[in-house]
Amino acid sequence: MASVAVSAGTTPPLIHGRRIGGSSATAVTRVPAASVRCGVKSAFLGQELRLRDMAAMQGDTKPKMVFDWRAETTEHAPGSAFDVTQTVASKLFKAIPGSSIREELVRRTLKVTVVGVGNVGMACAQTILTQDLCDELALVDVVEEKLKGEMLDLQHAAAFLPRAKILADTDYKVTAGSDICVVSAGARQREGESRLALVEKNVSLFKKIIPQLVKYSPDTTLLIISNPVDALTYVAYKLSGLPPNRVIGSGTNLDSSRFRWLLADRLDVNAQNVHGYIVGEHGDSSVPLWSSVAVGGVPLIAYLKQNHIDYSPDTLAELHRLVVDGAYEVIKLKGYTSWAIGYSVASLVKSLLRDQRRIHPVSVCAQGFHGIEDEVYLSLPAEIGRAGILGVMDSPLTDEEREQLHKSAKTLAEIQKKLDI
Numbered sequence: 003m004a005s006v007a008v009s010a011g012t013t014p015p016l017i018h019g020r021r022i023g024g025s026s027a028t029a030v031t032r033v034p035a036a037s038v039r040c041g042v043k044s045a046f047l048g049q050e051l052r053l054r055d056m057a058a059m060q061g062d063t064k065p066k067m068v069f070d071w072r073a074e075t076t077e078h079a080p081g082s083a084f085d086v087t088q089t090v091a092s093k094l095f096k097a098i099p100g101s102s103i104r105e106e107l108v109r110r111t112l113k114v115t116v117v118g119v120g121n122v123g124m125a126c127a128q129t130i131l132t133q134d135l136c137d138e139l140a141l142v143d144v145v146e147e148k149l150k151g152e153m154l155d156l157q158h159a160a161a162f163l164p165r166a167k168i169l170a171d172t173d174y175k176v177t178a179g180s181d182i183c184v185v186s187a188g189a190r191q192r193e194g195e196s197r198l199a200l201v202e203k204n205v206s207l208f209k210k211i212i213p214q215l216v217k218y219s220p221d222t223t224l225l226i227i228s229n230p231v232d233a234l235t236y237v238a239y240k241l242s243g244l245p246p247n248r249v250i251g252s253g254t255n256l257d258s259s260r261f262r263w264l265l266a267d268r269l270d271v272n273a274q275n276v277h278g279y280i281v282g283e284h285g286d287s288s289v290p291l292w293s294s295v296a297v298g299g300v301p302l303i304a305y306l307k308q309n310h311i312d313y314s315p316d317t318l319a320e321l322h323r324l325v326v327d328g329a330y331e332v333i334k335l336k337g338y339t340s341w342a343i344g345y346s347v348a349s350l351v352k353s354l355l356r357d358q359r360r361i362h363p364v365s366v367c368a369q370g371f372h373g374i375e376d377e378v379y380l381s382l383p384a385e386i387g388r389a390g391i392l393g394v395m396d397s398p399l400t401d402e403e404r405e406q407l408h409k410s411a412k413t414l415a416e417i418q419k420k421l422d423i
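Positions in the sequence shown are counted from 1; adding 2 to them yields this note's numbering.
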């Protein structure tokens, strides 16, 4: 039997780690939905028309850039493409006699918004669509022509993709009701530009983006991937007014994937059998947690010592340097990064929307964890589910790892103190 997710006002139990202070987690329960096999498509078409007519009655105008194949001025004209397809739909799909289609019991739509349709944003959109993670995808950007082009390019692949409604608009109304808002928009760092100057430019941009997203989707979870991601996730948290468990940065999720791939490549094993995290800042001051790296369940460092395999701190440092420089190498070769971050974001969206409760190293409000006193966002292994961050793993750290993590936190705190938010 089909089912639909309904929020309940209870808080899910934590099995691992600790809950972030101030978090407002909402449990997800499931209730049975009507078993409807015919007439559903007609119901959705009718619902779309009713919603538009209601908006017109209330004086709302249709956003000027909600692009579709229907001509805005002639869609209701007799004989128009819209009129013909409506007629076909009403004749092609017949409801079962005696059936009752209650719209509130029809499968709930999962909606994802991607703000910014550059290389990174579109890689995120593409991977989210191909992995069938949402029923509706909204794209937002300020460059009108590119926005329309990207939307059409995806729509034209409809026959090869899981069913999803794709919208695009410069108006944030198109994002209304989003379960997750992925923010990839941001200024690029110029040669010789300080990180603080870059953050300040993006703060101005976020002041235009974040309030609009929360206005139209007050129950959304924000997923920030714009760089510098830790500082901008903190900015989004301050501007949104959302609880900290619902403002997440992609953080070192991708760094950790690069880390696992490098180790797997050298050990000639599958990267999915290598477990290890990069934590702290997404950048030069990130911290590899060598003490918890395991291959097939075997602790790596302990294995090297027990088997008298020579290794030096310089060897480990070089592997970490390759992780940090990984993005720079890709940018040098192809001009930008896109696919790896796209798959990284899709993995986070999947964990969130499907309540998978997987552990991801993402940028979270780290105050109170591992002795961090400042209100900073940096990456720590966290359990992710439908309510956002369900808890942060209280991972055991060596003294050296803890010291490096504190240094990374101080670096971020100094930048945040200078921001105008």
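Positions of the beta carbon are idealized from the N, C-alpha and C atoms, including for glycine.
Check whether residue i and residue j have beta carbons under 7 Å apart
| i | j | result |
| --- | --- | --- |
| Q214 | Y174 | yes |
| L256 | A342 | yes |
| V116 | L141 | yes |
| I182 | T223 | yes |
| V201 | P246 | no |
| V249 | S186 | no |
| V271 | R262 | no |
| V363 | S381 | Residue identity check: residue 363 is Pro in the sequence provided, not Val. Yes; because the gap between Cβ atoms is below 7 Å, this pair is in contact. |
| L407 | H372 | yes |
| L112 | L355 | yes |
| A384 | V366 | yes |
| E283 | S410 | yes |
| I280 | P290 | yes |
| T339 | V332 | yes |
| A273 | Y218 | no |
| I311 | S353 | no |
| R268 | G328 | no |
| G278 | V300 | no |
| V176 | L225 | no |
| P164 | D134 | yes |
Cutoff 7 Å; reference residue i; Cβ partners in own chain excluding five residues on either side
| i | result |
| --- | --- |
| Q418 | A233, Y236, V378 |
Spatial distance of residue i from residue j (CA atoms)
| i | j | result |
| --- | --- | --- |
| V144 | V216 | 18 Å |
| I130 | L154 | 16 Å |
| G425 | I227 | In the structure displayed, the chain extends from 3 to 423; residue 425 sits before or after that span and is not available. |
| A161 | T132 | 12 Å |
| L421 | T317 | 38 Å |
| W292 | S258 | 12 Å |
| L149 | V297 | 44 Å |
| P315 | H322 | 11 Å |
| G120 | L306 | 44 Å |
| T254 | L207 | 23 Å |
| G285 | L244 | 26 Å |
| T172 | R190 | 21 Å |
| A170 | C136 | 15 Å |
| I423 | A199 | 14 Å |
Residue i Cβ short of 6 Å to the ligand COA heavy atom set
| i | result |
| --- | --- |
| C367 | Questions concerning the ligand COA fall outside what the structure shown contains, since it holds no ligand whatsoever. |
Cutoff 8 Å; reference residue i; Cβ partners in own chain excluding five residues on either side
| i | result |
| --- | --- |
| H2 | As shown, the chain starts at 3 and ends at 423. That puts residue 2 outside it, with no answer to give. |
| R404 | H372, G373 |
Own chain residues within Cβ distance below 6 Å of residue i, not counting five before or after
| i | result |
| --- | --- |
| I212 | A238, L241, S242 |
| I374 | A368, A411 |
Ignoring anything shorter than 4 residues, give me the alpha helix (DSSP H) runs that lie fully in the stretch 317-382, in order along the chain. 341-355
Quick one: complete beta strand (DSSP E) runs, 3+ long, within the stretch 172-251? 182-185, 223-226, 249-251
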